[in-house]
Structure formats: C-alpha cells, structure tokens
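If you're matching them up, the sequences are chains A and B in order.
What the first sequence shows, in the numbering used here, is residues 1 to 390, in sequence order.
What the second sequence shows, in the numbering used here, is residues 1 to 215, in sequence order.
Note that CB positions come from ideal geometry on N, CA and C, so glycine has one too.
Keep in mind the model is a prediction, meaning the values are calculated, not measured.
Beneath this line is the structure, given in structure tokens, with notes to follow.
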Amino acid sequence: MKNAIFVFSEDQLGYKFSETHPFNQKRLTLTVDLLRELNALSLSEIVAPRVATDEELLLVHDANYIEMVKEASKTNADSTKYESYGIGTEDTPIFPDMHEASASLVGGTLTAVDYVMEGKSTHAVNLGGGLHHGFKGRASGFCIYNDSSVAIKYMQEKYNARVLYIDTDAHHGDGVQWSFYDDPNVCTISIHETGRYLFPGTGNITERGTGEGYGTSFNFPIDAFTEDESFLDIYRTSFREIVEAFKPDVILSQNGADAHYFDPLTHLYGTMKIYQEIPRLAHELAHEFCDGKWIAVGGGGYDIWRVVPRAWSYVWMEMNDIPYPEGKLPKNWLDRWSKESPVPLIPTWLDPNPLYDAIPRKEEITEKNKQMLEKALYQLRNQQAFKKLQ
Amino acid sequence: MLVEQIMNTSVPSLTPEHTINDALKLLKEKKIRHLPIINENRQVLGVVTDRDLKEATPSTLQNISDPEIYNRSLEEIMTKNPITGHPLDFVEETASIFYDNRIGCLPIVSHGKLVGMITESDLLYKFIELTGVHQPGSQIEIRVPNKPGVLFDVSKVFHDQKVNVLSVLVYPDKDLSDYKILVLRVKTMNPLELIKTIRAEGYEVLWPNHPGHGL
C-alpha cells in the first residue's frame, strides 16, 4: 500500500472563469512546481483525476441543474436563462466546457476517495477540489458542482463509511453542510470568518443540524482580524473533541487557504503558522481514529502567489511525514515565478514577523472567540459527560 | 452592530443577601423588570425578574399578611447561572438567544464582571435597524451624504457590474448628522470591484475595510 497519492493533471487548470477572476487554478501549477523543486513529490505519486459520471453527480445534484450546466457549457446562449441556477453570474460566469471541467474536479476527489477506501493508499489529496459552496440545484461562490458533497455521499453508498468533514476555509462550508444537515452519519465542521459581513452569511453556532442529524453540524464563526493563536485554539479544541465523540471511519479535510492576512477576499489575520498546524492535526487524528484514512481537498485561496503554494505544500509534506523546511524557498522556484507575480513573493517559508500592525482589540477578539467556542461545544460536552455517567 | 453599542451600562443590581422587599422597591423606583444579582466582585450569580417576585409574594387579592416573606433573601428565588452575553456579541445573534431560550434579559459580562444589560425591548428597538441573512451574500456598508439621488448613484454601480442586491438598509449616521449609512447585502463572493468603484465615486466604504492590506 502506498502512503499517499497526489491527484493532479493539467486538465484541472481548465476550471477557469476568466483572466481576472479571483478563483485561479494557476495555484495548482505553482504548488506542484514548488513541491517538485523540493523533491517532495515524485511523478509516481501523481495520479490523474477521473471525470465524475452523471450518475455520481446525481448523488447530490438535481438532474435538471446538471442539464443546465451542460447546455450552458456548449452554447453561447443568453446567460440570463441560467441565472436562477447561479451560473452566468459575475461570481460564476459561464466558460467553455464548464461541465467537463467541473465534473473533472469532482472526479479528482472521487479518485482520491477510491485510493483511500480501497486500501491502495493511506492518504490522498486533490487540491483541485474543495468547492464547498456548490448547492444541490445551484452554483454559488465560484463553485459549480460540490466535489466534497458528492464524495461523502459516494463514500456512504459504496463503502458504507461514517464521514467527518472539516472545513477551514475562511468562508462557511454551506453547500456541504446543507447536503448532510439531516444525516446523523455525516459530521460537518466549519471554522470560518463570521458571516456578519463575509459571504455567504451563514454558519452561525445555532446551525447544528436537523431531525436525526441534529448535533452533527458544527459551526465556529470567528471574528474578523482573528490571529493565529485564537484560530488554532478553536481548531484544535473543536476538531479533537468532535472526532472523539463522532468516531468517524474517515476524515475529509477542506483546506481553503484564504484565512491568511494577505487574502484579498477575507478579513482574518492568519499567517503560515496556521497552515502548518491544520494538516498536522488532521493527520494525527486520522491515525488515532480512522486507521490513517484521510482525504484532503483544496478550496478557496485568492492570494495565489504569496499564500497558496506554501500553504498547500504543507498539506502534502505533512501527509508524507516530510519535515517542514525552514528558511528560504527554493531559489529556482522564486526565480521562475517572481517575474510573473504582480506582488513581490515572500522568499521564506514563514511570513515576515511582524506581518501586520498590532490589532488593537486582540484580547477582546480572542475572548469573544473563546466564548463562541464554549457555546458551540456546550451541547456536545454535556452529552459526553452524560455518557460517562451511564 | 455590537451589543456594547446598545447595552445599558448603568445597571441597577442587588446581591443574593438582599431581600424580596429590596428588589420590589428597586424595580418600582427604576421602572424596570429585570435585576442581575451579583457579588462584591460584580460576578453575575443570578437574575431576578418581576415574575419571580410575583410568584414569591402573596396575591394582592387575598387577604394574607405575612411580612416574613418580604424579608426572605433573593438567593432563594433567583434564577442561578443565567445565560450571559459579551460586549462584542452581535445584536442579531443575541436576539436569537432571547428567542431560543425565551428569556427577557441578558446580563453582559466581560472579564468575569457585569458590564451591562440588554432587555427584550432594547433589542426589538435596535433590531429594526438590522437585516436578516437568507441567501448567500456579502455585506457592504457605505457612508453617503444625506441628499437626494445618492441611493441612485450607488445602485448604478451595482447595476453596471450586474450584481444582484439582496437587501438595503438605510440608517442615520451616529457621528455625522449630514450623512447616512447604507447597508447592502449583495449576491457575490467577490465584492472587490464593487468596493473599488464605489470608492472611486467618492463614497466612504466603512466595511469591508482592511487596514494596510497588500493586494
């Protein structure tokens, strides 16, 4: 059995809305190139994604929505027809072969799932996936099909697995949450910037699931300007306690890299430190509770030059127990990309310190996040205490 | 809007050792219905409401006189370990705590000490100024001069960029009386172009406002 596989092919770059759109899969090229330059990723570890079949997409998506996406991909039709499906909008414009490109991102996550669930590798990563805003019958927030939702349903049907999904993208993982809101055998966790101002607006602690699934959706909305320590405190505490209680068979982690200070779309103040720690704990818990079964996908990340390549390299290095490099990034990589980058690249693995001016309300933000954490975990902790008494 | 902007900061309060009579007097004097019960460190131990007091005392229609009842301590009738809030909580989240728990007041606690109080009535008043979140969207707050045609100018930007507006709220600017604050929820995950254009039109975007941002 392999330790880990890396799902990637140039085809994944075909998921491209326009030259100026913030969602830019060039970050995959930059990440792969950085890992290759480090000799951390061999060609034998790279597996090409398959394309998800219609039947697989139907596990989550409506038939007429899939038809609309297909139709919009082919014709140069009037885009207003598709707007009620969330496509042909400013966020999710129509682009050529949109259906194929989207189905290929879903297929990539399914490839990763099959490797892990069939015991061909312990871990797998598909950084082209993580499109967590995709809804059943509607595109939203740059996401057409929801690869994680399809993959979770697929793991349930094909492998009868109990899945835990952890989402550390700065935006709420709404699409995945709503897909399994009433399902007691799927647990979704999302840590995100509060929806007060930020898209999509949901992800309040009171969203806990419904019906039989009540208590299997967890939301940890953190304040704008939240920094590393507070972010990691929420992440470590919540992730471990929930895994201990839910006892999943497999962990699917969404590794959106947009909680960084540099990210243009969000207002969190994370640095590279959170991207070192996020995969570390996922890896640790997967071995502790799931015989190592861990699938990682990508997600948001809109500073594709200074943030995403470093952040996503850590995911792969952690998966393979490669010690995190220190000091400078490979000179060849910096030389290759610095001309093309519109901003000066960060030449080191860690960010410059300090990266930003001190936050005046740091202490209060930390206190508020802490209080939010206690409230969000209150019911789970009570249940656990009750179980111990019995 | 944050709780600290709307909470009452001078909060009449008593200790568990005070009597039912003390509480009745204070409620009447201040024309209020809720009292936080605190200790000498201003730590919140409980809440006493006018209903707790009514339940503890004889009916005015019955001819019972038992003066001892009025000397019993609040410790015996208060709701212990009440739900509390934080000054940085959002007002609309706080409203759902009131609704879910069917409570009438929320002591506001910071660093373990009582710093304020919010009641149902305070919330209802302020809540009118806020909007609900039903569809995925981003929120933008803009300070605009209080004169005719401004809303048109601003919404033209949304029209030109084909961005769907989910809701608009207008409220008076607390600091500058010649201005208003527009609160718009827009159906996009990427409001950057909108914000750039609105700024270029000469309006002040209050949020998102990212001090010292690189890109």
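- Secondary structure note for residue 220/A: its beta strand (DSSP E) is the uninterrupted segment 217 to 222.
- Shown in chain order are the members of the segment 137 to 156 of chain A whose Cβ falls below 8 Å from a Cβ of chain B: 140, 141 and 142.
- Nearest to residue 206/B by C-alpha distance, out of 142/B, 116/B and 53/B, is 142/B.
- Residue pairing by DSSP puts residue 5/A in a beta bridge opposite 124/A.
- In the DSSP assignment, residue 12/A falls outside any beta strand (DSSP E), carrying neither H nor E.
- DSSP, reduced to helix, strand and coil, places residue 43/B outside both helices and strands of the structure shown, so it counts as coil.
- If the five residues before and after residue 27/B are omitted, its C-beta is found closer than 8 Å to the C-beta atoms of 33, 35, 50 and 53, all from its own chain and listed in chain order.
- The beta carbon of residue 180/A does not come within 9 Å of any beta carbon belonging to chain B, so the residue lies off that interface.
- Contacts between residue 364/A and chain B, judged by CB atoms closer than 7 Å, involve 88 in chain order.
- A straight-line Cα-Cα distance of about 13 Å links residue 227/A and residue 263/A.
- Annotation: residue 185/B to residue 144/A spans about 22 Å, alpha carbon to alpha carbon.
- The contact set of residue 204/A on chain B, defined by CB atoms closer than 7 Å, consists of 93 in chain order.
- At a cut-off of 9 Å between C-beta atoms, residue 81/A does not count as an interface residue with respect to chain B.
- Check the Cα spacing between residue 98/B and each of 135/B, 119/B, 18/B and 14/B: the tightest is with 119/B.
- Annotation: residue 88/A to residue 81/A spans about 8 Å, alpha carbon to alpha carbon.
- Looking at the backbone, the Cα of residue 195/B and that of residue 188/B are separated by about 12 Å.
- Between residue 295/A and residue 120/A, the C-beta spacing is not below 9 Å.
- Judged by pairs of C-beta atoms under 8 Å, the segment 216 to 232 of chain A touches the segment 182 to 194 of chain A, as three or more such pairs exist.
- At a cut-off of 9 Å between beta-carbon atoms, residue 48/B makes no contact with chain A.
- For residue 324/A, the closest of 333/A, 313/A, 330/A and 332/A by C-alpha to C-alpha distance is 313/A.
- Neighbours of residue 208/B in chain A, taken as residues whose beta carbon is under 7 Å from its own, are 197 and 267 in chain order.
- Around the Cβ of residue 141/A, a 10 Å sphere holds 16 or more other Cβ atoms; the residue is buried.
- With fewer than 16 other Cβ atoms from the protein chains shown falling within 10 Å of its own Cβ, residue 162/B counts as exposed.
- Close CB contacts of residue 161/A within its chain, under the 6 Å cut and outside five residues either way in sequence, are with 155, 249 and 250 (chain order).
- Taking all protein chains in view, the Cβ of residue 64/B is surrounded by fewer than 16 other Cβ atoms within 10 Å, so the residue is classified as exposed.
- Taking a beta-carbon distance threshold of 9 Å, residue 19/B does not count as an interface residue toward chain A.
- Distances from the alpha-carbon of residue 275/A to those of 259/A, 386/A, 43/A and 48/A put 259/A closest.
- Going by beta carbons, residue 148/A and residue 129/A fall inside the 9 Å limit.
- With contacts defined by Cβ atoms closer than 9 Å, residue 22/A and residue 164/B do not form a contacting pair.
- Within the segment 78 to 108 of chain A, those residues whose Cβ lies closer than 7 Å to any Cβ of chain B are, in chain order, 90 and 91.
- Around the beta carbon of residue 1/A, a 10 Å sphere encloses fewer than 16 other beta carbons of the protein chains shown; the residue is thus reported as exposed.
- Against chain B, a Cβ distance below 7 Å from residue 371/A picks out 86.
- At a cut-off of 9 Å, the C-beta of residue 192/B has a neighbouring C-beta in chain A.
- Taking a Cβ-Cβ threshold of 8 Å, the residues of chain A close to residue 161/B are 90, in chain order.
- Residue burial annotation: residue 103/A is buried, with at least 16 other C-beta atoms found within 10 angstroms of its C-beta.
- Looking at the DSSP output, residue 171/B bridges to 181/B.
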